[in-house]
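Protein chains: 2
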Amino acid sequence: MPEIKNYIAVVDLGGTKILSAIINQNSEIISIAKKSTKSKKKNETIFDRIIQTIEEALAAKNLNSSQLDGIVLGIPGSLNPETRIVNLAPNLGLKNVNVAEPIEKHFNTKVLIENDANLGTLGIYHFEGKEKCKNLIALFVGTGVGAGIIINGELYRGKNFSAGEIGHIKVREKGYKCGCGNYGCLETEASRTAITRIINEEIKKGKKSLITKLTEDTKVIKSGILAQAIKKKDKVTIKAVNYAAEELGLVTGNLINMFDFDCVVFAGGVMEAIGNFMLPVIKEKAKETALKSNYKNTKIFISHLKDDAALLGGYALFKNS
Amino acid sequence: MPEIKNYIAVVDLGGTKILSAIINQNSEIISIAKKSTKSKKKNETIFDRIIQTIEEALAAKNLNSSQLDGIVLGIPGSLNPETRIVNLAPNLGLKNVNVAEPIEKHFNTKVLIENDANLGTLGIYHFEGKEKCKNLIALFVGTGVGAGIIINGELYRGKNFSAGEIGHIKVREKGYKCGCGNYGCLETEASRTAITRIINEEIKKGKKSLITKLTEDTKVIKSGILAQAIKKKDKVTIKAVNYAAEELGLVTGNLINMFDFDCVVFAGGVMEAIGNFMLPVIKEKAKETALKSNYKNTKIFISHLKDDAALLGGYALFKNS
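Going down the list, the sequences are from chains G and E. What the first sequence shows, in the numbering used here, is residues -17 to 303, in sequence order. What the second sequence shows, in the numbering used here, is residues -17 to 303, in sequence order.
Given below as structure tokens:
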């Protein structure tokens, strides 16, 4: 178990933005730097941009890279944390590549990599749920739906390090086509993309919705816009969001029946924006679906950590590595 | 970890029969005694019958109870293995009762209790899957559908000791009413009871089936009868069994997506009788449902242990207790 004497850097690599944080030995995030993931410069790689954000975050606190005990990279894709090879991260354009080595070489410090949902789950477990959640599943609802699993206080990764692909469980026999090639995945029914599709279908049918006034392009409805529409009691939005919440509640109930989890935690952009509206619907459906014997004592709640979940998860991963 | 110097007794308590085995220190089942669960004698309790079968199994090998290092009871119901209270075992008529104490008092030896699916899973893991299955789920398909889960080589029980209630995950929005009070549970779609119902519906619609010739009462179709009908290429039976297999395959695919298990093992009366017919359908549907990244390296197979699974699981539980 490596001691953190000075600082570690945790990088949350998203499809849109790269977020680098410097965290001290007391798990305090003392500096954050942000960059868009895609560069406008021709010869600049994603590795260059990762290095730049880390250096910017260090510089903001007058630190230098020799003060780093290690770096953790959170990656949206399938990977092997042991070989540090990213098998596929479509949003980053990475395939079968060791992402740790170039960073390690530059900073001359230990680099760990982990799936981003797993990092977020570690953060939620260690900083929000450790006392009450020995066995926990965290569901991240945003553009897609992902999950991370803690069993007996340890991150559960599965044989191919691919556990948590809950977005691709089939929930509708005749559902919409999913990015994975299959039909009727949870992601096509309960993500922000799904809610957006349902709202657009209703508008197309002639239903009136405030969404058309709140955003210029209804094809990409941000979570904040959904929150505004709900606040203004827009029926079309409320119906679509309730549908997604019921699907999530059904899956929650089934998870409780199968795994009798202590805690089911919701996180991600959609949950940050409209989780308080969705949670009662999720809970009601979960309670209806689960056996009384299993639902008993289950805690279902929304994470308060937001972006910090993955950053603090990186800290926890490094400390326990 | 208690040493087994002499023998242990493992009792598999079913709704129909009580099976008691004597197992030696080399995990060999050296004696078995059987009794129907329900007594015809007025004042005879289930505890009396458990004691009798253990004593019969001992006597058959000229052993006496002082040679028992311990007893394990496998119970079809919800229970707490720590307090040894059975919360509810409907088929045994037990509710909120300590089943271990009367047996312990009689034999003056340590008594452990465990859910029967968990015992079967422990048997499968330790005697069929230990080398290849670090993380395993065993699905028991019979009158109902149950499961047991092994994570990192350990039985996973969940917070209320109720993990594995896979028979009650909701798989059909508008399904049949289940014994649990809910609708469209896996158990109403993929158990022997479900297959029986589907066959009867077809017969009622006027479809011709050999089932009516193979059994007098089509309301309770035993697994052996299903095997005979399949062998004789009875279309109605094959269609019903394929439907159940597809449901199991879908759930298998979803489990692989979520938990990236090393092994998914099928067991129970239906699988013993017609598992070889069902397995290709299950695998095909699972492969279609699961992400390639997760399905990779998953072993899906039928247990060969039959009744021995729970008995050997009792041995493993005792040895590791």
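Glycine is no exception: its CB is placed at the ideal position from the N, C-alpha and C atoms.
Residue from the options with nearest C-alpha to residue i
i, options, result
"residue 10 of chain G", "G:244, G:185, G:-8", "G:-8"
"residue 19 of chain G", "G:7, G:1, G:36, G:8", "G:1"
"residue 146 of chain G", "G:156, G:-6, G:131", "G:131"
"residue 182 of chain G", "G:169, G:228, G:199, G:143", "G:199"
"residue 22 of chain G", "G:278, G:16, G:31, G:258", "G:31"
"residue 8 of chain E", "E:83, E:81, E:109", "E:109"
"residue 63 of chain E", "E:151, E:143, E:282, E:244", "E:143"
"residue 214 of chain E", "E:151, E:187, E:259, E:254", "E:259"
"residue 279 of chain E", "E:203, E:291, E:286, E:239", "E:239"
"residue 179 of chain E", "E:208, E:155, E:164", "E:208"
"residue 253 of chain E", "E:287, E:89, E:155", "E:287"
"residue 135 of chain E", "E:129, E:155, E:114", "E:114"
"residue 107 of chain E", "E:137, E:195, E:189", "E:137"
"residue 80 of chain G", "G:50, G:29, G:24", "G:29"
"residue 57 of chain E", "E:158, E:157, E:-4, E:203", "E:-4"
First through last residue of the alpha helix (DSSP H) which encompasses residue i
i, result
"residue 16 of chain E", "It is not in any alpha helix (DSSP H) - residue 16 of chain E instead sits in the beta strand (DSSP E) that spans 11 to 18."
"residue 107 of chain E", "Neither: residue 107 of chain E is in no alpha helix (DSSP H) and is coded neither H nor E."
"residue 185 of chain E", "174 to 186"
"residue 287 of chain E", "No alpha helix (DSSP H) contains residue 287 of chain E, which DSSP labels as neither H nor E."
"residue 130 of chain E", "Where residue 130 of chain E is concerned, there is no enclosing alpha helix (DSSP H), although the beta strand (DSSP E) it sits in stretches over 127 to 133."
"residue 196 of chain E", "193 to 196"
Any chain E beta carbon closer than 7 Å to residue i
i, result
"residue 173 of chain G", "no"
"residue 279 of chain G", "yes"
"residue 21 of chain G", "no"
"residue 104 of chain G", "no"
"residue 64 of chain G", "no"
"residue 228 of chain G", "no"
"residue 100 of chain G", "no"
"residue 113 of chain G", "no"
"residue 152 of chain G", "yes"
"residue -5 of chain G", "no"
"residue 239 of chain G", "yes"
"residue 236 of chain G", "yes"
"residue 299 of chain G", "no"
"residue 147 of chain G", "yes"
Cut-off 7 Å between Cβ atoms - residues of its own chain near residue i, not counting five sequence neighbours on either side
i, result
"residue 363 of chain E", "Because chain E spans -17 through 303 in this model, residue 363 of chain E falls outside it and cannot be assessed."
"residue 229 of chain E", "153, 168, 171, 172"
"residue 111 of chain E", "118, 245, 247"
"residue 224 of chain G", "263"
Neighbour flag for residue i against chain G, beta carbons, 7 Å
i, result
"residue 242 of chain E", "yes"
"residue 41 of chain E", "no"
"residue 13 of chain E", "no"
"residue 141 of chain E", "yes"
"residue 303 of chain E", "no"
"residue 46 of chain E", "no"
"residue 60 of chain E", "yes"
"residue 192 of chain E", "no"
"residue 304 of chain E", "In the structure as shown, chain E starts at -17 and stops at 303, and residue 304 of chain E therefore has no counterpart that could be examined."
"residue 182 of chain E", "no"
"residue 273 of chain E", "yes"
"residue 133 of chain E", "yes"
"residue 276 of chain E", "yes"
Cβ-based neighbour list, residue i, same chain, cut-off 8 Å, excluding 5 preceding and 5 following
i, result
"residue 191 of chain E", "181, 184, 185, 211, 216, 217, 218, 219"
"residue 82 of chain E", "55, 66, 93, 94, 95"
"residue 60 of chain E", "68, 69, 70, 71, 97, 142, 143, 144"
"residue 39 of chain G", "-9, 2, 3, 4, 13, 14, 15"
For residue i, the first and last residue of its enclosing beta strand (DSSP E)
i, result
"residue 283 of chain G", "281 to 284"
"residue 121 of chain G", "118 to 123"
"residue 112 of chain G", "Per DSSP, residue 112 of chain G belongs to no beta strand (DSSP E) and is neither H nor E."
"residue -11 of chain G", "-11 to -5"
"residue 264 of chain G", "First-last for residue 264 of chain G: 251 to 271, but that is the alpha helix (DSSP H), not the beta strand (DSSP E)."
"residue 3 of chain G", "-1 to 6"
"residue 308 of chain G", "Past the edges of chain G, shown from -17 to 303, lies residue 308 of chain G, and the structure says nothing about it."
"residue 60 of chain G", "60 to 62"
"residue 28 of chain G", "Here residue 28 of chain G belongs to no beta strand (DSSP E); instead the alpha helix (DSSP H) covers 28 to 41."
"residue 77 of chain G", "76 to 80"
Proximal residues to residue i (C-beta, below 6 Å), its chain only, five neighbours per side dropped
i, result
"residue 17 of chain E", "0, 31, 35"
"residue 242 of chain E", "276"
"residue 3 of chain E", "-8, 11, 14, 293"
"residue 150 of chain G", "162, 167"
"residue 265 of chain E", "282"
Chain A within 7 Å of residue i, Cβ atoms only
i, result
"residue 71 of chain E", "Among the protein chains of the structure shown, namely G and E, there is no chain A."
Quick one: any contact between the region 42 to 52 of chain E and the region 120 to 136 of chain E, if contact means 3 or more CB pairs under 8 Å?
-> Judged by Cβ distances under 8 Å, the region 42 to 52 of chain E makes no contact with the region 120 to 136 of chain E, as fewer than three pairs qualify.
Is the number of C-beta pairs between the region 230 to 243 of chain G and the region 268 to 279 of chain G that are closer than 8 Å three or more?
-> With contact defined as three or more Cβ pairs closer than 8 Å, the region 230 to 243 of chain G and the region 268 to 279 of chain G are in contact.
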